[in-house]
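Asks: Number 10 in numbering that gives the first Met the number 0 belongs to position 11 of the sequence shown; there are no gaps in the numbering.
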Amino acid sequence: MVREEYTTATEGARLERPEDQYFYKIGIYGWRKRCLYLFVLLLLVILVVNLALTIWILKVMWFFPTGMGHLLVTKDGLRLEGESEFLFPLYVREIRSRMDSSLLLQSTQNVTVNARNSEGEVTGRLKVGPQMVEVQNQQFQINSKDGKPLFTADEKEVAVGTGRLRVTGPEGALFEHSAETPLVQADPFQELRLESPTRSLSMNAPRGVHIKARAGNIEALSQMDIRLGSSDGMLVLDTETVRLPKLTQGTGDPAGISQGLYEICACPDGKLYLSVAAVGTTCQENSHVCL
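(1) Going by alpha carbons, who is nearest to Glu80 out of Gln137, Gly68 and Lys32?
(2) Please report the residue range of the beta strand (DSSP E) in which Cys264 lies.
(3) Can you tell me the Cα-Cα spacing of Leu193 and Pro205, whole angstroms?
(4) What are the start and end residues of the beta strand (DSSP E) that includes Ile27?
(5) Per DSSP, what kind of secondary structure is Phe85 in: helix, strand or coil?
(6) Going along the chain, which unbroken runs of the beta strand (DSSP E) with 3 or more residues stay wholly within the region 93-120?
(7) Counting Cβ pairs, one atom from each stretch, are 3 or more of them under 8 Å apart for the region 142-158 and the region 176-183?
(8) So is Val278 buried or exposed if we call it buried at 16+ other beta carbons inside 10 Å?
(9) Pick helix, strand or coil for Phe188, following the three-state DSSP scheme.
(10) What residue range is occupied by the uninterrupted beta strand (DSSP E) comprising Gly76?
(11) Buried or exposed, going by whether 16 or more other CB atoms sit within 10 Å of the CB of Thr281?
(12) Taking Pro148 as part of the beta strand (DSSP E), name the residues at either end of that continuous run.
(13) Using 10 angstroms around the beta-carbon of Cys34, count the other beta-carbons present and answer buried if the total reaches 16, otherwise exposed.
(14) Could you give the residue range of the beta strand (DSSP E) that holds Ala212?
(15) Just the Cα atoms here: how many angstroms apart are Met202 and Arg165?
(16) Taking the continuous beta strand (DSSP E) assigned at Phe139, which residues delimit it?
(17) Between which two residues does the beta strand (DSSP E) holding Glu133 run?
(18) Can you find the residues in the same chain that come closer than 6 Å, C-beta to C-beta, to Gly66, ignoring five residues on each side of it along the sequence?
(19) Smallest Cα separation from His209: which of Asp237, Pro196 and Gln222?
(20) Just verifying my parser: in three-state terms, what is the DSSP assignment at Phe174?
(21) In terms of DSSP beta bridges, what is Ala277 paired with?
(22) Would you mind sorting Asn274 into buried or exposed? The rule is 16 or more other CB atoms within 10 Å of its CB.
(23) Considering only their Cβ atoms, is the gap separating Gln137 from Ser151 smaller than 8 Å?
(24) Asn285: buried (16+ other C-beta within 10 angstroms of its C-beta) or exposed?
(25) Could you check the C-alpha separation between Val288 and Ala214 for me, to the nearest Å?
(26) Out of curiosity, what's the CA-to-CA distance linking Gly123 and Val110?
(27) With a threshold of 8 Å on Cβ separation, who are the neighbours of Leu227 within its own chain once the five nearest residues in sequence on each side are excluded?
(28) Taking all protein chains shown into account, do 16 or more other C-beta atoms lie within 10 angstroms of the C-beta of Tyr36, making it buried, or fewer, making it exposed?
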């Protein structure tokens, strides 16, 4: 501590000032002062460098009051211009493109779109891969502009809602099981072929089967049998000429052959054969053909 002494003296007396035994200098001097100034100067340099780096980052990253670079913040959400790459999952409610451009999603592996419920379980999935497009859902449906279903597929059936289903492949359409349709029609000036290479081909309808060729012939070829039948009604061949060139001919009176007239006979099993025409029927005489 600094001790202060007060001395009283008369006028004219000469007093000697005692030597200060305890004297302290106030302030920082010497090497401490130089270090402090150096530290303050270093802080000032760091502050200037940080400010310069901040300004440079803002300029490089294109930071603006309304967004950053091509990413703009609007009242409707975020607007992103140009191409963008997302390295982690993106969670949004809606993604749409501008009015004058299309929306492009691309990946080097595949593009997968999942729909989840409130518990996080996947309820629908669309996967576009390099070799296959896979849709996983309870029902797949394609609608027209006015909301009319064009194609619907589920576990039970596949329905085509258009007025006409066109198959343009050169090999036609392949059905492993039955096909139900009110009309099968070929394009104009093209032939229509219904073919079964290894099995039988049958056409059934509750109110009749109509086969019509307006500008060509109708051919029915089979390795085994061709059957035309009606469960309740009759079979009508309405044409000017009916030709059966390979019917079996029964033996009969040679005199009848010179006339060149024959009659068609039918066996109990439906087999047809020719018999020489006479005044009366000769089918009984040639009934051995049915054996």
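For glycine and all other residues, C-beta sits at the position ideal for the given N, C-alpha and C.
Replies: Judging by the given coordinates:
(1) Residue numbering aside, residue 80 sits at position 81 when the sequence shown is read from its first letter. Nearest C-alpha to Glu80: Gly68.
(2) Against the sequence shown, residue 264 aligns to sequence position 265. Unbroken beta strand (DSSP E) run through Cys264: Tyr261 to Ala265.
(3) Position 194 of the sequence shown, counted from the first residue, corresponds to residue 193. Position 206 of the sequence shown, counted from the first residue, corresponds to residue 205. Whole-angstrom Cα-Cα distance: 20 Å.
(4) Numbered from its first residue, the sequence shown carries residue 27 at position 28. Here Ile27 belongs to no beta strand (DSSP E), and DSSP marks it neither H nor E.
(5) Here residue 85 corresponds to residue number 86 of the sequence shown, with the count starting at 1. In this structure, Phe85 counts as coil in the three-state DSSP scheme.
(6) Counting only runs of 3 or more, we get 110-115.
(7) no
(8) Position 279 of the sequence shown, counting from 1, holds the residue named residue 278. By the 10 Å Cβ count, Val278 comes out exposed.
(9) Against the sequence shown, residue 188 aligns to sequence position 189. Coil.
(10) Locating residue 76 in the sequence shown gives position 77, where the first residue counts as 1. Going by DSSP, Gly76 is part of the beta strand (DSSP E) stretching over Gly76 to Leu79.
(11) Counted from its first residue, the sequence shown places residue 281 at position 282. Classification of Thr281: buried, given that the 10 Å Cβ count is 16 or more.
(12) Numbered from 1 along the sequence shown, position 149 holds the residue referred to as residue 148. Segment Pro148 to Ala152, the beta strand (DSSP E) holding Pro148.
(13) If you number the sequence shown from 1, residue 34 lands on position 35. It is exposed - the Cβ of Cys34 has fewer than 16 other Cβ atoms within 10 Å.
(14) Taking the first residue of the sequence shown as position 1, residue 212 is located at position 213. Looking at the DSSP string, Ala212 is not in any beta strand (DSSP E), and its letter there is neither H nor E.
(15) For the purposes of this step, residue 202 is taken as residue 203 along the sequence shown, with counting starting at 1. For the purposes of this step, residue 165 is taken as residue 166 along the sequence shown, with counting starting at 1. Distance between the alpha carbons of Met202 and Arg165: 20 Å.
(16) One-based indexing of the sequence shown puts residue 139 at position 140. Unbroken beta strand (DSSP E) run through Phe139: Phe139 to Asn142.
(17) Taking the first residue of the sequence shown as position 1, residue 133 is located at position 134. Under the DSSP assignment, Glu133 falls in the beta strand (DSSP E) whose first and last residues are Val132 to Gln135.
(18) Working through the sequence shown from its first residue, we reach residue 66 at position 67. Correct list, in chain order: Val72.
(19) Locating residue 209 in the sequence shown gives position 210, where the first residue counts as 1. Among Asp237, Pro196 and Gln222, the Cα nearest to that of His209 belongs to Asp237.
(20) Translated into the one-based positions of the sequence shown, residue 174 becomes position 175. In this structure, Phe174 counts as coil in the three-state DSSP scheme.
(21) Numbered from its first residue, the sequence shown carries residue 277 at position 278. DSSP output for Ala277 lists no bridge partner at all.
(22) The residue given as residue 274 occupies position 275 in the sequence shown. Note that residue 274 is Ser in the sequence shown here, rather than Asn. With 16 or more Cβ atoms within 10 Å of its Cβ, Ser274 is classed as buried.
(23) Counted from its first residue, the sequence shown places residue 151 at position 152. Counted from its first residue, the sequence shown places residue 137 at position 138. One point to set straight first is that residue 151 is Thr, not Ser, in the sequence displayed. It is not a contact, given that the beta carbons lie outside the stated cut-off.
(24) As a first step, residue 285 is located in the sequence shown; it is residue number 286 there, counting from the start. By the 10 Å Cβ count, Asn285 comes out buried.
(25) Taking the first residue of the sequence shown as 1, we reach residue 288 at position 289. Taking the first residue of the sequence shown as 1, we reach residue 214 at position 215. Going by the C-alpha atoms only, they are around 38 Å apart.
(26) Locating residue 123 in the sequence shown gives position 124, where the first residue counts as 1. Locating residue 110 in the sequence shown gives position 111, where the first residue counts as 1. Gly123 and Val110: Cα-Cα distance of roughly 14 Å.
(27) The residue labelled residue 227 in the question sits at position 228 within the sequence shown. Result list for Leu227: Leu234, in chain order.
(28) By 1-based counting over the sequence shown, the position of residue 36 is 37. Result: exposed.
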